[in-house]
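Chains as they are written, first to last, in numbering that gives the first Met the number 0: chain A, 0 to 291; chain B, 0 to 291.
Just below is one structure, and these are the notes that go with it.
Protein chains: 2
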Amino acid sequence: MNHHEIKNFLAVAETLHFGRASELCHLSPSALTRSIQRLESELGQALFLRDNRQVQLTLAGEKFYQYAQKAVRDWEDICEDLGEDGEVEGVVSLYASVTAVYSILPDLLEAYRALYPKVRLNLRTGAAEESIDKLLAGDIDMAVAALPDRQSDRIDFLPLLTTHLVFVGPRAGGREYAFSDMHELGRLPFVLARSGVSRSRVDQFLRGVGAHAVRITEVSGNEGILAMVRLGCGVGVVPELVLERSPFRDDLVVLDGAPQLEPYVVGLCTTRKNLARASVAAMWQLAQERAQ
Amino acid sequence: MNHHEIKNFLAVAETLHFGRASELCHLSPSALTRSIQRLESELGQALFLRDNRQVQLTLAGEKFYQYAQKAVRDWEDICEDLGEDGEVEGVVSLYASVTAVYSILPDLLEAYRALYPKVRLNLRTGAAEESIDKLLAGDIDMAVAALPDRQSDRIDFLPLLTTHLVFVGPRAGGREYAFSDMHELGRLPFVLARSGVSRSRVDQFLRGVGAHAVRITEVSGNEGILAMVRLGCGVGVVPELVLERSPFRDDLVVLDGAPQLEPYVVGLCTTRKNLARASVAAMWQLAQERAQ
DNA sequence: GCGCCTTACGAGTCCCGTAATAATA
DNA sequence: TATTATTACGGGACTCGTAAGGCGC
């Protein structure tokens, strides 16, 4: 028996609808069905009467509902009790781009540090597009990253802000990089991330207009892209936020007539497993409160 | 978080000794260590202070101890509440030899049926030596079987009674099957189980005296062995209990001077997974009470 | 050196998601 | 036919046991 099963039971008991409840539990309908079946098997009694059109609590289900509510409340109480006064300890390693460290993280980390001074924060900077791999490999506990196009089951994502991907050129050479003729795009020199969301957005866009870029300089990390663009290596694509925060921003310009790409959502990432850790869950909740 | 972790915590908190506690939990020391570590990670605080010579509760550990006791009590209360008045339902399939059905099971099944009338009992008879395979395959939920020589991690065994393996011959031809010369044993015709504990005991014994039986009739099921022995196919080896209960017992004799094999322990078997089911756990507990 | 808790690693089980099935209106 | 709960099945994560490590007596 585990607390997930109890939580799942409560979700079904309160919605009386497996499909709806499965969403609340972040679970597929079949998984929820089996979770309830396990519980019923362990207790030796049916908790719900369900035909395909209706779900309702049995007598045993009513009794168990009383228990389940109290059990969850008690658990939350002890967690709160143990977690108060910044008693939570441990180590949390957080991976983010330099820009994120400058722009998004200061407030969050300050608040976290104030509430949980005993947690040792381990901050690592690097290219945003590598964060998911590092998470999955267990190298880090959390990351600030772009919302992946293909959501993995193992990764939880918490949106923090939305920005745009902008096409950037050097201020001096602004004229030679023009978007007057979409079909000529393939001949422009590009400075792009080696991989990641921003890169796939650009690739997707270019395919959409039938262009095939041949002159691409690949860089790891958005900040590096701007440095290369400033040197005249080509047109870069970065999140607007990165451009605003760049020390090179006065030497760069957003290109006139450039196309609008899909919004770029930046948020906090972690694995499901890590979310069970108090130190990680605390950061998550804090970010959630500040994001809404 | 699951209830096993809480139970494990209680065991450590009450013994203040990981090794001792790991036995109580039926767990290896390393598994228990990790179980406590998971809990601590989830709560964000150390629950025990341990160097290699001493284990003691932290402040958080003391608080959590109060919670854990109550949580386990509450869980047991709800289980008892739901289980009373024979409310437990479900299906339990039980596999046993015919002899077991006649000798061991009547009392147990009667008591079970009286306490849990809603559980549908599914009784299947067959050769004892096949029970473990059927358990592992999931064909059945429980079995009456001999204590396996090599205990599997998946199987739980509850001893019910101990009997002896006896060498049996036909009453009429008792004289031709004699144990006067141990070294001549290999020339005796045997009627043995195809596999299983009784078979391996005999094989082991024969190897021990340097004999190699060449004339073996293999049978599945102890009751069948006696039938073959009665027909004069050779010397059989069966649990004494089976002989006593056999309708052929007047036509058979225990051989004089036959060697004593190791005791043969008969008990109830099931898988760990099945023990989580209320209907199975109830049978287990009932058997436990009657066995002590 | 021995005892005891902990980490490393390989293996097996359990659980989830996808897809197919049943059943109802 | 559309909707909803349930089974079948394959893949992957999690936890276990064995064995090696580390620290204190």
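Quick reminder that beta carbons are idealized off the backbone N, C-alpha and C, glycines included.
Length of the line joining the Cα atoms of residue i and residue j
i, j, result
"Ser151 of chain A", "Asn7 of chain A", "22 Å"
"Ala70 of chain A", "Cys78 of chain A", "12 Å"
"Arg112 of chain B", "Gln291 of chain B", "20 Å"
"Leu23 of chain B", "Glu13 of chain A", "38 Å"
"Ala127 of chain B", "Leu205 of chain B", "22 Å"
"Asp148 of chain A", "Ala110 of chain A", "30 Å"
"Lys133 of chain A", "Gly125 of chain A", "11 Å"
"Glu129 of chain B", "Thr98 of chain B", "15 Å"
"Val90 of chain B", "Leu38 of chain A", "15 Å"
"Val213 of chain A", "Gly185 of chain A", "6 Å"
"Gly43 of chain A", "Glu88 of chain B", "5 Å"
"Pro28 of chain A", "Asn1 of chain B", "22 Å"
"Ala20 of chain A", "Val253 of chain A", "46 Å"
"Gly235 of chain B", "Leu107 of chain B", "29 Å"
"Pro169 of chain B", "Glu243 of chain B", "14 Å"
"Arg200 of chain A", "Ala275 of chain A", "33 Å"
"Val143 of chain A", "Gln36 of chain B", "27 Å"
"Glu288 of chain A", "Phe47 of chain A", "35 Å"
"Asp202 of chain A", "Asp250 of chain A", "26 Å"
"Leu56 of chain B", "Ser34 of chain B", "16 Å"
"Val208 of chain B", "Asp255 of chain B", "18 Å"
"Asp297 of chain A", "Gln65 of chain B", "Since the first residue shown for chain A is 0 and the last is 291, residue 297 of chain A is missing from the structure and cannot be characterised."
Close Cβ partners of residue i (< 8 Å) along its chain, the five nearest in sequence each way excluded
i, result
"Thr216 of chain B", "Pro188, Phe189, Val190, Leu191, Met227, Cys232, Gly233"
"Thr32 of chain B", "Phe17"
"Gln259 of chain B", "His163"
"Val237 of chain A", "Leu164, Val165, Val167, Ser197, Asn221, Ile224, Leu225"
"Leu114 of chain A", "Gly85, Ala281, Leu285"
Same chain only: Cβ atoms within 6 Å of residue i, ignoring 5 sequence neighbours per side
i, result
"Arg198 of chain A", "Leu191, Ala192"
"Leu122 of chain A", "Leu93"
"Ala26 of chain B", "The question names Ala, but residue 26 of chain B in the sequence shown is Leu. Cβ within range, chain order: n/a, list empty."
"Arg49 of chain B", "none"
"Ser219 of chain B", "Ala126, Arg193"
"His3 of chain B", "none"
"Thr161 of chain A", "Pro262, Val264"
"Ala210 of chain A", "Leu184, Gly185"
Best match in the options for proximity to residue i [C-alpha to C-alpha]
i, options, result
"Gln68 of chain A", "A:Gly137, A:Val11, A:Ala136", "A:Val11"
"Val241 of chain B", "B:His163, B:Leu108, B:Arg271", "B:His163"
"Arg229 of chain B", "B:Gln44, B:Tyr176, B:Glu61", "B:Tyr176"
"Ala59 of chain A", "B:Ile224, B:Arg52, B:Leu81", "B:Leu81"
"Ala95 of chain B", "B:Lys117, B:Pro116, B:Tyr66, B:Asp140", "B:Asp140"
"Leu262 of chain A", "A:Glu222, A:Asn273, A:Ala145", "The question names Leu, but residue 262 of chain A in the sequence shown is Pro. Closest by alpha carbon: A:Ala145."
"Pro116 of chain A", "A:Ile131, A:Glu83, A:Phe247", "A:Glu83"
"Ser40 of chain A", "B:Ser278, B:Met282, B:Gln284", "B:Ser278"
"Gly137 of chain A", "A:Trp283, A:Asn273, A:Ala281, A:Ser245", "A:Asn273"
"Leu9 of chain A", "A:Val118, A:Lys62, A:Phe247, A:Asp255", "A:Lys62"
"Ser245 of chain A", "A:Gly209, A:Val100, A:Ile131", "A:Val100"
"Gln284 of chain B", "B:Tyr64, B:Arg52, B:Phe156", "B:Phe156"
"Ala280 of chain A", "A:Val118, A:Leu15, A:Thr57, A:Arg52", "A:Val118"
"Gln53 of chain A", "A:Leu15, A:Trp74, A:Asp73", "A:Leu15"
Within chain A, partners of residue i - CB distance below 8 Å
i, result
"Lys62 of chain B", "Ile77, Asp80, Leu81"
"Arg33 of chain B", "Under the 8 Å cutoff, chain A gives no residues; its nearest Cβ is about 13 Å from Arg33 of chain B."
"Asp73 of chain B", "Tyr66, Lys69, Ala70, Asp73"
"Ala59 of chain B", "Leu81, Glu86"
Contacting residues, own chain, Cβ-Cβ under 7 Å from residue i (five flanking each side not counted)
i, result
"Leu159 of chain A", "Ile103, Val265, Gly266, Leu267, Ala286, Ala290"
"Arg153 of chain B", "Leu135, Thr270, Arg271"
"Ser194 of chain B", "Glu128"
"Asp76 of chain A", "none"
"Ile5 of chain A", "Ala67, Ala70, Val71"
"Gly248 of chain B", "Rather than Gly, the amino acid found at residue 248 of chain B in this sequence is Arg. Correct list, in chain order: Leu242."
Chain A residues whose Cβ lies nearer than 7 Å to that of residue i
i, result
"Gln44 of chain B", "Leu81, Glu86, Val87, Glu88"
"Ser278 of chain B", "Gly43"
Residue i: contacting residues in chain B (beta-carbon distance under 9 Å)
i, result
"Met282 of chain A", "Result: empty, since nearest Cβ-Cβ is about 11 Å, beyond 9 Å."
"Ala113 of chain A", "The premise fails here: Ala113 of chain A is roughly 16 Å from chain B at the closest Cβ pair, so nothing lies under 9 Å."
Listed by chain order, chain B residues near residue i by CB distance under 7 Å
i, result
"Arg271 of chain A", "Near Arg271 of chain A there are no residues of chain B at all, since even the closest Cβ is about 13 Å away, more than 7 Å."
"Glu288 of chain A", "Going along chain B, no residue has its Cβ under 7 Å from Glu288 of chain A, so there is no contact; the nearest lies around 18 Å."
Within chain A, the residues that residue i reaches when beta carbons sit closer than 9 Å
i, result
"Tyr94 of chain B", "Those within 9 Å of Tyr94 of chain B in chain A number zero; the least Cβ separation is about 19 Å."
"Ala275 of chain B", "Met0, Arg37, Ser40, Glu41"
Residue i beta carbon near the ligand PLP (any heavy atom closer than 8 Å)
i, result
"Arg186 of chain B", "By its list of ligands, the structure shown contains no ligand whatsoever, and the ligand PLP lies outside what it can speak to."
Per-residue contacts from residue i into chain B (C-beta, under 8 Å)
i, result
"His308 of chain A", "Any answer about residue 308 of chain A is impossible in this case: the structure gives chain A only from 0 up to 291."
Completely contained alpha helix (DSSP H) runs for the segment 144-214 of chain B, where each covers 4 or more residues: If you keep only unbroken alpha helix (DSSP H) runs of at least 4 residues inside the segment 144-214 of chain B, you get 196-207.
In chain order, each beta strand (DSSP E) run of at least 3 residues that lies wholly inside the segment 67-129 of chain A: Runs found: 89-95, 118-124.
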